[in-house]
Every structure is written in C-alpha cells, then in structure tokens.
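>
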Amino acid sequence: MIKEHPPHAKPSEVRQSPGKSFLYALPMMLLTLMMLSGGKIPADPQRLFVLAVTYLFFNVLFFLMIHTGKTDRYRATAFITYAILFIVSFISHMFEARGSMSLSQEKIILCEVPFCHLVIPMTLIPAAFTKTIIFPGSITGGFASIASMFVIWIGASLSMGRGWCSWGCFFGGLDDAFSRILKKPLLRKIDPRWNYLPWAVLLAVVLTAAAFLSPTYCEWLCPFKTVTEFQAVTSFKILVQTIIFVSLFIALVIVLPLLTKRRIQCSLFCPFGAMQGLTNRINAFDVRIDPDSCINCKRCMTACPTFSVTEESIRTGRPLMSCMKCGTCVDVCPKGAASFHVRGTPVAVNRNIKRLLFLYAAFLFLAIFSGGTIQDGLSRIIRLITTGSMI
C-alpha cells in the first residue's frame, strides 16, 4: 500500500546549475589531470590525444553526474567502457608478452601469471596457515603483481566496500552492459532464496582452495577466462575446463543478464563479490532509504540490478550488504527517499553533500584505477586502425 508523501521530504538528487556543477567538479578535473598524466604531459601526439580523450571522457561524465543529479547512467558509461577496453588492453598485452591468450605450463612454473582480485578469497586461509600464496603470480614485480592488487583491494574496501563491484572491477562492466540491452526483462520473477547462492559459492571455493591449496574457482568456474587468459588445451581435463569457462560466460555474463536485466554473475556467482559484501559494514559510505520519505512504491526493488533491495530492506531503510552502490535505486526514487549516506550522520540531512562526497571517492577511484587501461586500450585501437595490428 502506497502511503502519503510527507510534505517535508525532498528529493536527494537536485539538478545543479552549470556554474555550480563546474565549481563542484573543478577539484576532480585537477586530480584526474594529475593522475592520468602522471604529472607530465606527453610529447608524443598520439599519447597526448589519448590522454585528452580519456581526461575529457571522465570529467564530462562527472560534470553530468553533478549537473543532472543522476549517478547510474554516467557511472555505467565509464564502467562498461572500462570493461571493454580492459579486454582490448589485456589480450593485446598477452599477445605481446607470450604470443597468445593461452597460458603455458612454463609461465605457471615461473610465476608469471597476472594476479586477479577474484582469487583473493581463496588465498587468505592458505596464506594465514601455511604462509603460501596459492597463485602462480609475482609477489611484487611484473604485470599485476599480488602485492599491488592486495593494496588496491584494501584501499577500495575501506573507501567503497562492495562499491568496488560497480566502480572498480574490470569484469563487472560486462554483465552490467548486457543487463541494459533490453528495455524490459523477459524473466521477471526470481526467487529471493537465490540471494544465498553467492555465500554457498564463496564457502565452497574457500574450503576447497584451502583443502587442495589451489585456486579452485579460477581452475574450474571463472567465466572471465573466456576473455582474458586460459591454460593451453593439452589434455582432456583442460578441454573440459575450457568448455565450462565458455559455457558459464555465455550463461552468466550474457544470456541471464540479458533476460533478467540483473547482474547475475556479479550478484549470484562471484565469490569475491560475496566476500566484498562484508566490507560494506566497515567503509564510510552506504545507501539508505529514509522511511519518512518513502511511499513504498517499490521502484527501487524493481530496478535494483543486484537483488539488494527487498521489502524487508525497504522497511528497515537499509539495502542488503550485497549492495554495490551503483546508484540505480537513488536515481529511480520519485521522492528522494533513497540516498547515498555517510555513516554516523542523520539520513535525511545534507543528502546532496553526502552524495558528492561519495562520488568523489568512488569516481576518483574509478578514474585512477581504469585510466591507464582505458588509455592503453584506445592507443591499441588507434594502432589497429593505422597499422592493422594492436601489438
């Protein structure tokens, strides 16, 4: 039943004038220029062009977030672009380094495999009890070292919690993209008990990884092997693993997000995402639903792509800890009841300031973390157009 809207409640996202939006965005313009350029403007015309395009891309999107009061559409534009160009950049790098996407036994033995954050849940118990990193990657040197990814993960967890999955993960933009293709979902009713599945996946892969001292999710269940790297098919076992990777990618990243308009892989099958939900309890920002402003229209519950808004969470004013802080619920709320929030502060006070603080933390992380990859991806596309090769 829809209740009457109290007269004192106001929408949390208010359009800002162009001038005020520019002033709010100015620090981001300066920070991204410094971070994307590394403090030095390149002399090479192509690199300068790519830097300029990347810089304008990020700052136009950030300006529009502030000016329009909408978050998700502009976040998704950057996030999906990042995911696509990550694939371009990563695959090109693999062909440059080893001549193919396939992973040879030699590279595994030499510990030259780029470390992926999805492995983190599986490494914690073995590292604690056996002082062993169960992944064939470099600790500190080389491309995507273990230490660098852990530092990035800890920083993201403290600042955004599971917001990582909507603002930082280079895989997340893929199922996000496919979930947006259809205007309306073809599969509408999804049993809420599916929300328990990611915890089961997390528990299973953590225990099996600890038992076998091997990253079992990476070896058997990771759909993103399809678009990054995979072990060279030299046995029947590896053939079966490859078939599983491709099948899961098609089902979980393409087909089900397309049919449901939900981020199925990231919400229900990613063990890292489930673990990251725990960090939603310790970071500075969350999403709240103000019960005094809410009219119980349930638009937030219908629109949420991650199953994080339920009838119970609407009553309590808190999305589930699976919330990825994408901003969808905040954008669709007709009364401004859903808003970004700073922990320890009243929900209904200074909502726009709290949103701006969150956007600075989340968007700056996205720009810094993805900026180099986007520049490299654009450079390789230009190289493909001009020379016929991306490497």
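Just so we're aligned, residue 887 is where the sequence shown starts under the numbering used here, counting upward by one. Ideal placement from N, C-alpha and C gives every residue a C-beta, glycine not left out.
1) Along the alpha helix (DSSP H) that carries F943, what are the first and last residues, could you check?
2) Which residue comes first and which comes last in the alpha helix (DSSP H) that contains F1171?
3) Could you spell out where the beta strand (DSSP E) holding A1224 opens and where it closes?
4) Quick check on F1001: does DSSP put it in helix, strand or coil?
5) Pick from C1152, P931, T1120, A1097: whose alpha carbon is nearest that of I1011?
6) From the DSSP output, which residues share a beta bridge with Q1117?
7) The alpha helix (DSSP H) that contains C1215, what's its start and end?
8) Secondary structure at T1026, three-state DSSP: helix, strand or coil?
9) Since C1183 is in the alpha helix (DSSP H), which residue starts that stretch and which ends it?
10) Does the pairing of the stretch 1212-1222 with the stretch 983-994 give three or more beta-carbon distances under 8 Å?
11) From Y941 to T1259, what does the alpha carbon distance come to, in whole angstroms?
12) Go through its chain and collect everything with a Cβ distance to Q1261's Cβ below 6 Å, but skip five positions before and after it.
13) Please classify F965 as buried or exposed, where buried requires at least 16 other C-beta atoms within 10 Å of its C-beta.
14) Start and end of the alpha helix (DSSP H) containing Q1326?
15) Where do the ends of the alpha helix (DSSP H) carrying S1153 lie?
16) Residues in the same chain with beta-carbon distance under 6 Å from C1152, minus the five sequence neighbours each way, listed in chain order, please.
17) Classify I1278 as buried or exposed, calling it buried when 16 or more other Cβ atoms lie within 10 Å of its own Cβ.
18) Can you tell me which of the three DSSP states D1262 falls into?
19) Using a Cβ-Cβ distance under 8 Å, would L1252 count as near chain C?
20) Let's test the definition: count the other Cβ atoms within 10 Å of the Cβ of F1155 and tell me whether it reaches 16, buried, or not, exposed.
21) Just the Cα atoms here: how many angstroms apart are K956 and L950?
22) Could you check the C-alpha separation between C1209 and F1193 for me, to the nearest Å?
23) Going straight from the alpha carbon of F976 to that of T1202, what length do you get?
24) Apply the 10 Å Cβ neighbour rule to V1235 and answer buried if 16 or more other Cβ atoms are within range, or exposed otherwise.
25) With a threshold of 16 other CB atoms inside 10 Å of the CB of L909, please say whether the residue is buried or exposed.
26) Going by C-alpha to C-alpha distance, which of G905, D1176, P1078, A1063 sits closest to R959?
27) When the Cα atoms are used, what is the spatial distance from I973 to L917?
28) Give the straight-line distance between the Cα atoms of G1163 and L1245, rounded to the nearest whole angstrom.
29) Which same chain residues end up closer than 7 Å to D1172 when comparing Cβ atoms and leaving out the 5 residues on each side of it in sequence?
30) Taking the Cβ atom as the reference point for each residue, do L1099 and I1020 lie within a distance shorter than 8 Å?
31) Would DSSP call R1237 helix, strand or coil?
32) Assign M1210 to one of three DSSP states: helix, strand, or coil.
33) What residues in its chain sit with their C-beta under 7 Å from that of I1150, if we drop five residues either side in the sequence?
Reading it off the structure:
1) 931-954
2) No alpha helix (DSSP H) holds F1171; the beta strand (DSSP E) holding it covers 1171-1175.
3) 1224-1228
4) coil
5) A1097
6) L989
7) 1214-1218
8) coil
9) Element bounds for C1183: n/a, residue is neither H nor E.
10) no
11) 13 Å
12) V936, T940
13) buried
14) It is not possible to answer for residue 1326, since the shown part of the chain is limited to 887 through 1277.
15) Looking at the DSSP string, S1153 is not in any alpha helix (DSSP H), and its letter there is neither H nor E.
16) C1051, G1058, D1061, G1159
17) Only positions 887 to 1277 of the chain appear in the structure, and residue 1278 is not among them; the question remains open.
18) helix
19) Here there is only one protein chain, and chain C is not present.
20) buried
21) 8 Å
22) 8 Å
23) 43 Å
24) exposed
25) exposed
26) A1063
27) 26 Å
28) 19 Å
29) N1166, H1227, R1229
30) yes
31) helix
32) coil
33) D1061, L1138, L1142, P1143
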